[in-house]
Each structure stands twice: as structure tokens, then as C-alpha cells.
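Residue numbers (my numbering), protein chains in the order written: chain A, 2 to 321; chain B, 9 to 276.
Think of the CB as a built atom: it goes at the ideal place given N, C-alpha and C, for glycine as much as any other residue.
On a predicted model such as this, the values are computed, not experimentally measured, just so you know.
Here is the structure we will look at, set down as C-alpha cells.
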Amino acid sequence: MIAARGITKRFGDFVALEDVTIEIPDGSLTALLGPSGSGKSTLLRIIAGLEMPDSGAVEIHGSDQTSVPPQRREIGFVFQHYAAFKHMTVRDNVAFGLKIRKQPKERIDERVDELLEIVGLAGYQKRYPNQLSGGQRQRMALARALAVEPRVLLLDEPFGALDAKVRADLREWLRRLHDEVHVTTILVTHDQEEAMSIADFIAVMDHGRIEQVGAPRELYDRPANRFVMGFLGPISELGGQLVRPHDIVLDLEPTPGAHEAQITRIVHLGFEVRVELALPGRDGVFAQLTRDEAQQLEVSEGDIVWLRATSAPVEASEPA
Amino acid sequence: MTVSRPWQLTMRVLALAWLLALLLVPVALIFYRTFEPGIGAVWDSITTPAAISAFWLTIEVSAIAVAVNTVLGVVMALALARGRWRGKWLMDTLIDLPFAISPVVVGLSLILVYGTTGWFGRDLADAGIQVIFSTPGIVLATVFVTLPFVVREVTPVLREVGDDQEQAAATLGASGWQTFWRITLPSIRWGIAYGVVLTTARAIGEFGAVSVVSGKVSGETETLTLLVEKRFANFDLAGAYAASALLAAIALLTLLVMTTFNRRREEA
Numbered sequence: 002m003i004a005a006r007g008i009t010k011r012f013g014d015f016v017a018l019e020d021v022t023i024e025i026p027d028g029s030l031t032a033l034l035g036p037s038g039s040g041k042s043t044l045l046r047i048i049a050g051l052e053m054p055d056s057g058a059v060e061i062h063g064s065d066q067t068s069v070p071p072q073r074r075e076i077g078f079v080f081q082h083y084a085a086f087k088h089m090t091v092r093d094n095v096a097f098g099l100k101i102r103k104q105p106k107e108r109i110d111e112r113v114d115e116l117l118e119i120v121g122l123a124g125y126q127k128r129y130p131n132q133l134s135g136g137q138r139q140r141m142a143l144a145r146a147l148a149v150e151p152r153v154l155l156l157d158e159p160f161g162a163l164d165a166k167v168r169a170d171l172r173e174w175l176r177r178l179h180d181e182v183h184v185t186t187i188l189v190t191h192d193q194e195e196a197m198s199i200a201d202f203i204a205v206m207d208h209g210r211i212e213q214v215g216a217p218r219e220l221y222d223r224p225a226n227r228f229v230m231g232f233l234g235p236i237s238e239l240g241g242q243l244v245r246p247h248d249i250v251l252d253l254e255p256t257p258g259a260h261e262a263q264i265t266r267i268v269h270l271g272f273e274v275r276v277e278l279a280l281p282g283r284d285g286v287f288a289q290l291t292r293d294e295a296q297q298l299e300v301s302e303g304d305i306v307w308l309r310a311t312s313a314p315v316e317a318s319e320p321a
Numbered sequence: 009m010t011v012s013r014p015w016q017l018t019m020r021v022l023a024l025a026w027l028l029a030l031l032l033v034p035v036a037l038i039f040y041r042t043f044e045p046g047i048g049a050v051w052d053s054i055t056t057p058a059a060i061s062a063f064w065l066t067i068e069v070s071a072i073a074v075a076v077n078t079v080l081g082v083v084m085a086l087a088l089a090r091g092r093w094r095g096k097w098l099m100d101t102l103i104d105l106p107f108a109i110s111p112v113v114v115g116l117s118l119i120l121v122y123g124t125t126g127w128f129g130r131d132l133a134d135a136g137i138q139v140i141f142s143t144p145g146i147v148l149a150t151v152f153v154t155l156p157f158v159v160r161e162v163t164p165v166l167r168e169v170g171d172d173q174e175q176a177a178a179t180l181g182a183s184g185w186q187t188f189w190r191i192t193l194p195s196i197r198w199g200i201a202y203g204v205v206l207t208t209a210r211a212i213g214e215f216g217a218v219s220v221v222s223g224k225v226s227g228e229t230e231t232l233t234l235l236v237e238k239r240f241a242n243f244d245l246a247g248a249y250a251a252s253a254l255l256a257a258i259a260l261l262t263l264l265v266m267t268t269f270n271r272r273r274e275e276a
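In C-alpha cells:
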């Protein structure tokens, strides 16, 4: 288990982390999810030993690592901008950690070839980083981090600098790689879709605190507060309560407890149909229907409908 | 900005004429005057014991100054680009001091500190070390005036490269020393090379500060620039031209190396 306990970190007057505690189960892929400035990267860098916390402790497999330098933490770290060693070939990049550990040459060559095979860069041994695409560079950086068989793999916005298509491919690939290699992994991201699609657990962070930790579905269905709910998906407010737009049912007749609303706009997004609604004193409410539901309902802009929520909503009055 | 064709040509001609009048003509004239009396006379003039001694002293002093300022320059550049400490701005300002102060003033201040009546002069003299009017003084003066070049070339390179690669090396188990040799040094090597060439050029050509502290003892503390000045003052014009040509030849060689390095640096 990787644990950070009571971590506080300030940069001048700015409080980056305030009394943060998190435990990460062995073999899991955990995402630290939050907006920029929420402290997620700082927490990752503290776990890596690249930053020192002002107070608190870092534990890896039960031993206190707080004052251990990054060199001896047995971690693998992947940076957003790859941090490729520009003057070295792909082979030398991946071999770096093994050469530092003075492994025999045959063993290094064997391991490098094996890793490049795993990350899909076999045959690129003699290339230099500037001859690779962004996605290839990041896969090389992953191979380099994995070469030393780290106890924990730390990824700091690893796909943040890549375009959307490559990013989506790489995150699926990362999940498959994780299932093969099984190294405990912590991923920092601000992209909720990325976190939801590959993480076993998500820790949602805001303003230097962890708001909630749990499995993606648990967080989505039972968010602890408005911030978590809003960060994981869209929300609509209905009679002082927060609901997911796809949990709103539209009726043409009044039903007990339903809210009257007028349809202001209907947007067809393929499978999903987005119905924008005007309620008395409330803007920005919309419902998500499937294409079939919308067709059966036969409503158009300007119609009056009655809204109710189908699943347990969260109280809007709760402080975020 | 778009400029019409005739204007472009005019500006080019003006720029070239300016360079020609200011640089090329004088340098070319020196070479012309040098070889006017014939190659044999030139050879004789630059192989006198005084000239040979001056040549080797210049090389020796430059080599020491370059070595010292390269090592210290990289250390200072690392402190400026990577360090987080109070008073960094002060060091940043002080490094430019040799550019701001006239070399003659540098020479005088060295005499004030190391001369026989200076702060350390007597103690050093008692220990049998003579700084002023001796090689150590010339080296000190040259080191001082050439101090900024390596720092000023390497610091921006370090900033641009960033510390991502160094941090990656640390997470892969490399010690600070290993990271410096395997990661930092290779990524700043062209910056260092360029700084070294600039330092060399300036060290070889230094006159003001060296002139004050050297004592100008022929065959002992006389550098090439001092030899040129002495011969010129003694109406030995042919000899002055020959020594100048030697200096100019070294300078041209450095310029050539510099251009090559600069191209490599821009490609890297």
C-alpha cells in the first residue's frame, strides 16, 4: 500500500495541500482528479520525493519514505512533457536506470528489447526522441520508468500534451498495460472522462484537499458534495436538489411533486437529445433523453412539461 | 515590416560598406603591411625570443583563464538557473561587473589588493608569492575580465532545457553527480563551447587590465598585445604589424571555430 498521511505543503502564501491523507491499494490504478491548482500534481511529486512536504508522512509498503530521496524510493515517474533524454537514443533512454544500477550489459539489452516490445516501440531502438511523435515519446518514457521495476508508477498528466485522438488511444493502452504489468499506479489528470474510463479508484481534489475517494461509479452515483458531483458530470438543479440531467423524466401531464417547465431548445446530438428547460427563477437546467425517448415524447420548443427526478438526488444546500 | 526592393539594396550596401570601412579594411591593411617586407622578415620578427615568450605567455594565461572560468561559469550558471536562494539577484548583477568596469580600473584594483602595499600583498610576498608584475597577476586580471562569458552563455540554455530531464534521472536512481555528467552536461555542451570560444577570444586580446598589472618585462611578463604596443611605441612598425598579424590570425581562427559551434548550437 502507498500512503500519504497528513500532508501539508505551502508555496509562499499559497496552500497547495492541506492535511491530505490518502491510501492507495497495491496493484490498483488510482487517479488524482481535480482542476488545475487543486494540488494533485504536488501530491504526486511529494509521493515521488521531488517535493518535500511541510508536514506529514509518505509510506510505501509500510516503510516511512518521507525523508528518502527520490533516487531510493524505487518509483517510476512519467512527466507531462515526456522529459525524454534528448541526446540519447530510445535504447539508451530506456536503459538509463539499469545502467545506473550497473546491471550486466546482456541483461540490459534483453530487458530494453522486452520493454520496447511491450510499449510497441520495437525497432525504434536507434531513433532519437526528436524523431518520435508525442505519443511514441510518452510510451518510451513509460518503458524507461518501468525498466527499473518500480514499486509504484507515478504519472503526471501523462497524456495532457497529446491531441484528443492519441490521448484516447493511449489511455486504453495504458489500462491494458496496467492489467498486464500490475504495478501500483497513480495517475494525475484533470480529465474526468480519462479518470472514469481507466481508474479503479478516483480521488477528487479541490483547493488542496481530497473531497472524496471511491470507485468511479460510486463517485458518480453517490457524490459527497456538489463539487464532486459537478466535476464528474453535468448537473441540473430541480426544486433545490441536484440531479443528473439523464435522471430527469419529462411528463406531459402534471404528477405529484413534479416541477413545471417550458422547453426553450431541443438539441439533437445523435444518440443523445438535450432538452433545455426554463423553470421559474432557475436557468441552465437541461435534461438528457435518448433518441427513442425524445421521439415518443413528441415535444417541441415552447411546450410545457413536468419534470421529476428518478434517482436519489443530492441536496443543493450542502456546502461544496 | 515590408521594405521595397531599392531600399533593401540600399540598406544592404550601407551595412556592408560600414563593416568594410570599420573592420575589413584595417585588418586587411595589417596583413598587407605585415607581409610587405617579405615572408622571411615576418618570420624573423615573430620568432625573436621576446615574441616567442609573449606568444606562449598569452597561450598559457588564456588557457588558465578559460579553464577557471569554464568550471566556475558552469557552477554559477547552475546556481542561477537551478538554485532557489536569497541574494541570487546580487550574484546575477555582480557577474556583469567585468563588462561594466573599464579593464584599466580592474588592473588598478588588483594592485590595490595584491600589490606590495595592498591588502594581501605583504603576506603573499612573505610567503614567497608575487602576484603583481608576475604571471599570477596577469592570470587574475584576465580571469576577471573574461568571467561573464560562460555564465551568460550557459544560464539561458539551462533555463530553456528545464529540469524535467534532471528530475527524471533522479527518479531513475541517478545521483546528483551522475545526473550532472550524463544529463545536464550533454544538454548544455554547445552553450559551454560557445562560451569557451568567446572567453578565449577575449583572453587573448586583453590589453588594459594586463597592461597595468604585468610590469611588461620582456621575455617574462609580456603578452602578445603588450608586445604589439611596445614595438609600436618604439617605432618598430614592421615588428608591431607582424605581432598584430599573429594576434589577428589567432582571432580569425577563434572566429571560425565560433561560427561552427554557433551553427551546431542552433541545430541542437
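- Counting only runs of 3+ residues, the beta strand (DSSP E) found wholly inside the stretch 189-221 of chain A occupies 202-207 and 210-215, in chain order.
- Scanning its chain for C-beta atoms nearer than 6 Å, with the 5 sequence neighbours on each side dropped, one finds around B:Ala73 the residues Thr150, Val151, Thr154 and Ala211, in chain order.
- Not flagged as an interface residue toward chain B: A:Phe15, since no C-beta distance is shorter than 7 Å.
- DSSP, read as helix, strand or coil, puts A:Ala262 in strand.
- A:Lys166: not part of any beta strand (DSSP E); member of the alpha helix (DSSP H) spanning Ala165 to Val182, first to last residue.
- One thing to note: A:Val120 has its Cβ within 7 Å of the Cβ of A:Leu143.
- Comparing alpha-carbon positions, the option among A:Asp293, A:Thr190, A:Tyr83 and A:Arg73 lying closest to A:Leu45 turns out to be A:Thr190.
- B:Gly181 and A:Gly98 do touch by the CB rule: their CB atoms are close to 6 Å apart, below 8 Å.
- The shortest CA-to-CA distance from A:Ile47 to any of A:Ala32, A:Ser29 and A:Pro70 is the one to A:Pro70.
- Annotation for A:Arg275: the continuous beta strand (DSSP E) segment containing it runs Glu273 to Leu280.
- Taking 7 Å as the threshold, the shortest C-beta distance from A:Ala84 to chain B falls below it.
- Using a 10 angstroms sphere on the CB of A:Pro246, the tally of other CB atoms reaches 16 or more, which defines it as buried.
- When Cβ pairs closer than 8 Å are counted between the two stretches, the stretch 100-112 of chain B is seen not to touch the stretch 169-180 of chain B, the count staying below three.
- For B:Ala59, no Cβ of chain A is located within less than 7 Å of the residue's own Cβ.
- The beta carbon of B:Thr208 sits closer than 8 Å to the beta carbons of Ser70, Val74 and Thr262 from its chain, once the five residues preceding and following it are set aside; these are given in chain order.
- By alpha-carbon distance to A:Glu212, the top candidate from A:Tyr221, A:Arg218 and A:Val229 is A:Val229.
- The DSSP-derived three-state label of B:Arg20 is helix.
- Around A:Ala123, the same chain offers Asp114 and Leu117 as residues with beta carbons nearer than 8 Å, after the five sequence neighbours per side are excluded.
- For the set A:Gly240, A:Ser68 and A:Leu155, the Cα lying nearest the Cα of A:Pro281 is the one of A:Gly240.
- A:Gln193 sits buried, since 16 or more C-beta atoms from the chains shown fall within 10 Å of its C-beta.
- Short of 8 Å from the beta carbon of A:Gly7, and not among the five residues preceding or following it, lie these beta carbons of its own chain, in chain order: Asp20, Val21, Thr22, Ser56, Gly57 and Ala58.
- Chain-order list of chain B residues neighbouring A:Lys87: Val169, Gln173, Pro194, Ser195 and Ala276, by C-beta distance under 9 Å.
- The DSSP-derived three-state label of A:Arg145 is helix.
- Residue environment analysis places A:Gln66 among the buried positions, since at least 16 neighbouring C-beta atoms fall within 10 angstroms of its C-beta.
- Note on A:Gly77: 16 or more other CB atoms within 10 angstroms of its CB, so buried under the neighbour-count rule.
- Interface with chain B (7 Å Cβ-Cβ cutoff): A:Phe80 is included.
- Looking at A:Asp180, A:Thr256, A:Ala17 and A:Ala262, the one whose alpha-carbon comes closest to that of A:Glu302 is A:Ala262.
- Judged by pairs of C-beta atoms under 8 Å, the stretch 266-285 of chain A does not touch the stretch 214-227 of chain A, as fewer than three such pairs exist.
- For A:Gln289, the beta-bridge partners assigned by DSSP are A:Arg275.
- Bounds of the alpha helix (DSSP H) holding B:Leu65 are Pro57 to Arg90.
- Cα atoms of B:Val121 and B:Gln138: separation of roughly 12 Å, rounded to the nearest angstrom.
- Counting the other CB atoms within 10 Å of its CB gives B:Phe63 a total of 16 or more, which places it among the buried residues.
- In the assembly as shown, B:Pro57 is an exposed residue. Its beta-carbon has fewer than 16 other beta-carbons within 10 Å.
- With three or more CB-CB distances shorter than 8 Å, the stretch 221-238 of chain B counts as touching the stretch 249-264 of chain B.
- By the Cβ-count criterion, A:His183 is exposed, with fewer than 16 other Cβ atoms from all chains shown falling within 10 Å of its own Cβ.
- Counting along the chain, B:Leu102 sits inside the alpha helix (DSSP H) bounded by residues Lys96 to Leu102.
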